[in-house]
Structures are given as structure tokens and as C-alpha cells.
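Taking it in order: structure first as C-alpha cells, then the write-up.
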Amino acid sequence: MIPEPYNPQVVEEKWRDFWRERGFFKAKTHEPQRKFYYLNMFPYPSGKLHAGHGRNYILGDAIVRFLLMRGWNVLNPMGWDAFGLPAENAAIEQGVHPRDWTWANIREFKRQFRAWGVEYDWDREIATCEPGYYKWTQWIFLKLYERGLAYRAKGKVNWCPHCEVVLANEQVIGGRCWRCNSPVEKKELEQWYFRITAYAERLLKDLEKLDWPEHVKKMQENWIGRSEGAEIVFPTEKGAEIKVFTTRPDTLWGATFLVLAPEHPWVPELTALEQRAAVEAYRAAADRLTEVERTSTEKEKTGVFVGTYAINPATRERIPIWVADYVLMGYGTGAIMGVPAHDERDFQFALSHGLPVIPVIAHPGGEIRIFVPADAFVSSLPQALRALGIPVGSTKDGALLANAPTEIMDKAASVIRERLTEKGWAAMVGQGWQIVFPDEVISIGSVAEERRALSRLKAIDPALAEKRTVAEILWAVPALRDFLFHAEFGPMLNSGPLSGTPGAEAVRKTVAWLEEKGLGNAAVTYKLRDWLISRQRYWGAPIPIIHCPRCGIVPVPEKDLPVLLPEVNRIGKLGLADIPGFISTTCPRCGGPAQRDTDTMDTFVDSSWYFLRFISPKDEDRPFDPDLVNRWLPVDLYVGGVEHAILHLLYARFITKFLHDLGWLSFDEPFKKLFTQGMVTYPAYWCPTHHWIPPKEVLPGDRCPKCGAELEVSVVAMSKSKKNVVSPDELIAQYGADTERLYTLFMGPPEKEIEWSEEGVRGCWRFLNRFWNMALAIISRAAGVREEPDPQALGTQGRALWTKLHATVKKVTEEFEGRLALNTAVAAIMELTNELASYAEDREADPRLLRSVLRNLVLILSPFTPFICEEIWHRLGETKAVLETPWPEYDPQALAEGEVEIPVQINGKVRVRVRVSRAAASDPQVLQDLVLADPSVRERLRGLRIEKVVAVPAKLVSIVAR
RNA sequence: GCCGGGGUGGCGGAAUCCGGUAGACGCAGGGGACUUAAAAUCCCUUGAGCAAAUUCUUGCUCGUGCGGGUUCGAGUCCCGCCCCCGGCACCA
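With my numbering as the guide, the letters of the first sequence map in order to residues 17 to 978.
Shown next as C-alpha cells:
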């Protein structure tokens, strides 16, 4: 008889609607015992799904099928992040309505999910573009507005010139637009913001509670960017006081200048008449720079002196005020104190603009470096220094160099002073800077001393006439550079009453001193900025606000929600602002004529609460049912791409905390556990003339099919735009969905980025064929058998298979419940399959064991390949569906049976392997005795004296012998 | 620069949490069977090297980025480096 070949097309079509029709994926939200809320990040429905997307949905489907068999009441919904720019752009280009474009894509996505066997509770399907959903997005806006957490403000915003839209900070990736990668520009606009900064501290602190990948938590931590320090007030000659933020208040005595951001509001007021033109020109130039240009690390530090001075509140010295674009208006106070001796940027700035450098923190090494120019000292100096125990060297041009411990600095200074030539000088840097002259030593502890030392040096050496600061002179000596600037903590120097304070207490003591004197206070600053949410577009949730000439900004009353998107035939570039019928309305407060706000909300607002809506997706009176939500959330396991590590995940946490504060939610973190799956990469081919070429069309030798040019190959994440996608439709047609699913889960650890491999797919295809053939063979042999095997009655082979079965069940169960390394679970299942197949070769094989192992194998394989398993399951004579069958339990007893091979190490190397029963191997003394009695071990030990034996139960025995 | 993750065969990767036979599983390669042939399928084989043996082997040495350390034993732990990937980045 010719065996029936594996035909996935037939098998899969047979079961494709079975699970849905049986309602296995419908959550029973009103019975929340043993609830499990599993959630995949909902997709933006654009175009078609490719094999890379499968990483997310197939993984999720496998987990959910496992959970269902484990008896969980699983909520596993799916919806659509349906507002957004691509739909609108497609609509503008093709003249279709974005809604039609979006729903056509959604239909396509759903078709592909069905083909994959990826099932959801479709009764809960939601789309953010439906009025029944965005009504509540608008409601959240109103609630934020009520609490003062939504506000309108004018300011510099990120602007993508290509998308012609503003961007939130989180949507600017390395100075570029997150969608189109264009360099982002700055624009002065009045926009709506959400005050996410009010939640900065909680968003940071509560990360601790989350079972999230460490790197995602770190990314959020860095993004929130908490810094502790102080705010210090600097009086100015013009009267205004400038407040700066610093993390290093202990360096205040070294602040020799102030720098304001070009956008700082007080710049005009502080600018002297004669500097006005230069300052204005500088500010205008800074304004024109894109974010990429302005924040380029290699850029020379530019800036302009405003012509007036401030007073350093600690030293009471006059210090110049500058504007420079390395200071950002959006962080801290938009103004800094320049401490060139202990901040790398300030040091660069001081060097290029001739500003004095005053060291106020001792060099961490506890060492000083001595430099004496050639011809500046008498010949006995080296010897005299050596007499102090200081090793002395010299440069190529004859200058003297030495390192000395701090303690003998004063002694060294007097030794040097006595041995300088008449016009000689020397520098000692590290413990502050000392400039040694024949008649005195000037310690540079203030701007005044710096000026004096500089003029003396210039008077001595005409070659220094051009130098503007002592720092410039010393910087010219390469050997001193390491000692001129450092940003470490250390004992304070030249710091008036606080001089000598050790580094560990420096910040705390300085802040206390500042507070006592009323000069400043401890302060915390965050990098996080408020969330800019308004978009000048059509395809989004309209902002529910009315502008009334008499009443000002008036929120739309809740009863009037939703503010519907107007139906239009054509969408203009200006979005809602292009639609006159939408704009004019009446003021809800005074009844007079008024205008609607024409902005729509960032799509990330839509997605910041959707996980709540799934609980009661059709509720018309509330955004969600709070009782049910509080029983079902937080989400137990959230799976999605790491690209949302900051954006969506931060916003969703913020909105959750807000709704918690409002009293709607009892929890304040939406996602208890997060898993981020890796991207799938594939070679992408680039032709300089014909651009992206689909891999399939590429000619041998990586040539362009159109022009024959050699193509540039790069292995990158699958994407439609690079044409390097693998189509699930084609895979399913050729191998079936089970093969694609299995390969997707087997290709590597799910969290890692991995390259798609056609050969790998074929390996999984071969496996399923072997599995199919073996299963049918076993079914025909074990037809009619219904009893379970008796483990005690099995032979050695059977017993080994029995143990293997239980070990595999254990392994697979633990992977699903733990770290989700399903690739290793698949490997274990393959091993079991291989062992079952070789056991089945024995004509004497126990049919009860064959059937039992196959039955359990089908169950544990079913989350990976549900179609083939459902088929085999029913051919085994089962009447219930796989999903109605409990997940197999493993028997610890079975794992303790049979034999194990115990390696025996002699002097650290494995020399012998001994087979012992698992029972014997579990007792260290028994194991040790057995091993020492083994003939080949005795042979090895002949002539040696045993010094030590280590027996590790079930693992190995290690013998030390001489 | 800062933060995070990682470096294991020809390749993807196992073993890393909690030290205990390194290379599971799969791919690719080599050899063979079947076939007129090919595809498909099946079987054997594959870290590097050395020695004895000669045929079904046996034994030894080396081997998890580099250098040290702890230990009976290190891919795993500790210290110091190098390199790669990801995130942030003139954040005061």
C-alpha cells in the first residue's frame, strides 16, 4: 500500500475555520478566574503581512494555544492602529478615502492571519479610526485638559519637511524623522502638548516593578534621563538673574563664564548694544540649523559674547555671558555655568574663545606634573629634583618633565624657584595650577590670579604674546594636556570656605552652603519633554476643542463627543484646516460663532489606551468597564517589537498612570511582563539605476536583471520598501502554514534578530513529512489500542523512550512558562520524534507505548503546528479537539528511571564513562562506590594514590590521584 | 563618550540562570542507496591535530575573542583588555 503523503494544503484547509467555529479563542471575561490577558501589539494595517511579521503573531498564537491547553481563561484580542499618515498619503495620491484604504488592508491582514492559523477573539476587534473608539480617545484628551495636563503652547517644535508634520521628541530618532528618516527642522508653532513630564519620576521609579527585558527598561530610564544637581542663581550687571542647572555644584568656584542657549528669552535684554548685530546673526544662524547639524559631535563649539557680565555668586568675580548653541533651551534652565577645568565641553569652548580656566578640583591621581621650558632652568635643577625623589625626564626640545606626589609639591616649588634662569618659569599642574617664577609662585585660584600670571608670562616670553589665557599656553605642551582638564570628583580647591572638602561630600556640602546663603537649591532635571500631540492632518482623532473669540479655548462638552471627522471626497495637504464646514461651529459656553480646533491627535494617543478597550469593546457609555478592566489587567504578557521600547510603551504607561490617578484604574502599570521579539532579516539588493530589486529576480553573481550592473547586497530587516520580503502566501502554497510556523519558531531565539533561510524552511518541511509518515505508520500499527503502557513492563529501549517523553514534556512546558526560548523546545520535540521513529523500527515495539508517545507528542507539538496536529489527533481516534485536551503532565518518577552515563574525571580530564542506574546516580556515596569499583576506572588509577573524590549526583565523579 | 546586549564548528544556534561529558537540534558539506537520469527521499559521516592501529578502531593533545585568577573541575564565576551589535548622545 502506498502511504498517504503529507499534503498540507488539504490538511490545513480542513481545519482553518474549525477553531474559530468552536469558539476556543473567545475569552470569558465575566468569569475571570484563572484569567490570562495575552496581547500582541496591534498592527498598523498597511499593505500585506510578510514572513517577518509572523515572528510576532505566530509566537503569540503558539503561546495562547499552550495557555488554553493549560486551562487558562485566555483573553487574546486583536485590533487595528488604524489612523495615521500612510493611509492619508495613500489617499491623497490615489484619491481613495483613507478609511477604505485602511479597511482593505485590514481585510488582507485578517485573511493572512486565517491562513497562518493565527486566531484571536474576533468579537473584540477594534479599530482606532472608528467613532466608537476615538470618541474615548477624545474623552481622555478632555480629562487631561481638565487636570491641566493637556495644554497649548507656542514654541520650537520638531518639523519633518518631508512628511510636513510636527513630531514628538520620541519620534525624532537621531535627529531624523522616525517614518521617513529626513533630517528634522525646528519651527516656531503653537501646538497641543500632554504634560508627561509631570509623571517623569513615577515613570522612572515604577520601571523597577516591571518584568521587562533589562535593555528596554534601560532605554526608558535613559530617555527619562533623571539628573540630580542644583540650580544656582547668577546676578547680572543688567539686573536680571540667570538661573543655571548643574550636576556639579561643587565646581562653582571654577565657573568663569555663563552660556545661554540661543533661544534663551533673556538674550536680547542681556545683549550690549555693540554686540547686538553679532548676537542676532548668531541666533538666526542657530535657528536655521537642523537638529542633526546642530548636535553633531564633531562640530566646533561656536558662540558669541553678549557684551555684558554676570557675577559668580561664590567668587564675586565678573564673568562674561555668552550665547552658544551647545547649550539647549529644552534642558534644565537653558543656561549653564561654564566650568572649563572640569567639563569637557566648557573646556573646548574656553580654549577656542580665550576664556580663563580655573581648576577647583584636585586631579584624581594624587600626582602633579611639572613642566619647565628649555633654557628656563639652570643645569642643577634635574639633580636637585632627583634629590627629592622625583624622577625627571625631558622632552625632545630640552624641556624638563617630571611627575611628583602631591605632598612634596611645595618643596619642589621652592627647589625649582631657586634654579630658574632670570627669565625662566615653570608650571606645576594637578593639585591646582602653580606657575613658578624666580621671585614667586602664582597659584591660579581665581580669574584675577590667572590674569596676573598671564601678563607675567607674556612679559617674560614674547613668543606668548598671542596667547589669551594660561590654559592656552599650557595646552600647547602636549605632556600637560592630561592634567589640564578632568571631570572626576575630588577634593575641592580654590573654593573659599569649602576648599579641602573631599570629593565624596563635595556636592552635598556645596548644595547646603548654597541653600544657606540663598544662592541656589538642590534640583532634579529630566531629559523627558512634554509630549507634542497635535498633528495638522485629517486622518486622526480630532482634538475636541473650540476656539471662541470671546471665551478663548473651550473644551467640547462630553455629551457632544465624538467630534466626528467630516466626510469629504478629497483630502488636502492641510488636513482638517482645509475643510471650511468643519471649522465653523458655535461656542458651547456663550453660543456665539466659534471655530473648531483643526488639529488631530498623534496616533500614539490612540494606541496609548487600546488594551483597555478590548475588555468591553462595544461599551457606548464608557471608555471601558472599570470593574472588568481592573480584574483583567494589567496585561499578563505583552509581545511586540523593540522599536516601541520608548514610544508606545512610555505613552501607554503614562496614560495608564493618569487614568489610575483619575480613579478609573486600580493598577498603574499596563503591562506586567513584556517580551520583545527580534526582526527577521533577508538580503536586500540595490541597483544604482533601478533601486531595490526583489531577491528572486536577482541574476547569478548578484547582477541586476534589468541592466546587469553588480548589485549592492545588505542583510536588513524585511520591509516592503526594500523589496526583500518573503511572502507568507507563497510559503503556504509551497510548504503549508505549519512549516512556516515551525520554522519561524525554530530559526533562533525569538528575541534575537535573525536571517531568514530558505534551507531552514525546507528542514522544517522535511521534519513535518517525517512526523506525518511516522504518525500514520504508528496509527495503523496501534489501531484499536486504547490502554496506556505499563512503564514497569517496558524493555530498555522502551523505558528510555518513556523517560525521553517525560523529559521533553518538562522541557517544552518550562520554555512556554519561562523564557520563551521556543527554538529549544522545538529541538527537544525533534529529538523525541527521532527517538520515537527509531523505537518504532523495532517490530517488537510495544503498540501501547507507540500510541501513547505519539499522542503526547501531538499535543506538545500542536501549539507550533496546529493543523497537522489536529489532523493526526483525530486520526488517532480522538473525538475532542486538541484545544479541549489538557496539556500533558510529566511524571517526575519517569525522569528518575533508566540509566545514565556518568563521566569520570581523573585529575580534571574525563577519562572514563560509566553507565549506572539513575537511582544509584542520585546518591553521592553509592555513585562514588560504584565508580571506584568500575574495572576501567581501577585500571586508570593503577599505581596512583587517590587524594580526593568529588561525586556530584546524576552529573559526574571527579577523582584527584597522584 | 555613556548605557545595555553579545563574541561557541562552514552557518543559525544548544549548554550560560544555579560551574559538572562543549557543539543538542537544524542547515550546509562529504560519501552511499534508490533512479535511465534528475528532483525528492533514506542511510552513513563531518571541531582541529597527533599517534598507534589497520579495516567494524583505540588512545592522546588542543579547542568557546585575548591575558590572568578562583576551583577537583570554567563556555559558565572574578579581575584586566580587545572586538561586534543595539540604544542614547554637546542633557550641563
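Idealized CB from N, CA, C, for every residue including glycine.
Here the structure is a predicted model, which is why all the values come from computation and not from measurement.
- Non-local beta-carbon contacts of G717 in its own chain, meaning distances under 8 Å to residues more than five positions away in sequence, involve E726 in chain order.
- Judged by DSSP in its simplified three-state form, H369 adopts helix.
- Around the beta-carbon of I962, fewer than 16 other beta-carbon atoms lie within 10 Å, marking it exposed.
- Taken through DSSP and simplified to helix, strand or coil, L509 comes out as coil.
- N839 and K768 have their C-alpha atoms roughly 11 Å apart.
- If you look at K925, you'll find it in the beta strand (DSSP E) that goes 925-933.
- Looking at Q450, N740, D341, E247, the one whose alpha-carbon comes closest to that of A300 is D341.
- According to DSSP, F321 shares a beta bridge with W338.
- Note on V731: under 16 other CB atoms within 10 angstroms of its CB, so exposed under the neighbour-count rule.
- With distances taken between CA atoms, Q611 lies nearest to V570 out of V570, R484, V926, L852.
- Counting of Cβ neighbours within 10 angstroms places C723 among the exposed residues, the total staying below 16.
- Around the Cβ of C196, a 10 Å sphere holds fewer than 16 other Cβ atoms; the residue is exposed.
- By the criterion of a C-beta distance shorter than 6 Å, K736 is surrounded in its chain by G63, once the five residues flanking it on both sides are discounted.
- With a cut-off of 8 Å on Cβ pairs, the segment 401-417 is not in contact with the segment 480-488, counting fewer than three such pairs.
- Pairing N23 with F598, the inter-Cα distance amounts to about 57 Å.
- In this structure, the CA atom of D97 is about 17 Å from the CA atom of L581.
- In the same chain as I327, and ignoring 5 residues on each side of it, the C-beta atoms closer than 6 Å to its own belong to P251, in chain order.
- The DSSP assignment places 619-622, 626-629, 642-648 as complete runs of the alpha helix (DSSP H) inside the segment 603-669, in order along the chain (cut-off: 4 residues).
- Using a Cβ distance threshold of 8 Å, Y73 and W132 count as a contacting pair.
- K688 and I248 have their C-alpha atoms spaced approximately 40 Å apart.
- Exposed is the label assigned to D745, since fewer than 16 other Cβ atoms lie within 10 Å of its Cβ.
- Exclusion of the five residues before and after V655 leaves N56, G76, F691 as the residues of its chain whose Cβ lies within less than 6 Å of its Cβ.
- Here the alpha carbon of Y215 sits roughly 11 Å from the alpha carbon of R545.
- With a cut-off of 8 Å on Cβ pairs, the segment 617-629 is not in contact with the segment 33-49, counting fewer than three such pairs.
- In the three-state reduction of the DSSP assignment, C564 falls in the strand class.
- The residue among I451, F52, G270 with its C-alpha nearest the C-alpha of I352 is G270.
- Taking the CA atoms as reference points, T331 sits about 10 Å from T272.
- By the CB criterion at 8 Å, T437 and F393 fall inside the cutoff.
- As computed with DSSP, K203 is found in a beta bridge with V173.
- CA-to-CA, the gap between P908 and G776 works out to about 34 Å.
- Note that the C-beta distance between L397 and L417 is not below 8 Å.
- Residue environment analysis places P265 among the buried positions, since at least 16 neighbouring C-beta atoms fall within 10 angstroms of its C-beta.
- If you ignore the 5 residues before and after P721, its C-beta comes within less than 6 Å of the C-beta of E713, L715, all in its own chain and listed in chain order.
- Between V27 and F52, the C-beta gap is not smaller than 8 Å, which leaves the two residues out of contact.
- For K412, there is no enclosing alpha helix (DSSP H), since its DSSP letter is neither H nor E.
- For W491, the uninterrupted alpha helix (DSSP H) run begins and ends at 486-491, by DSSP.
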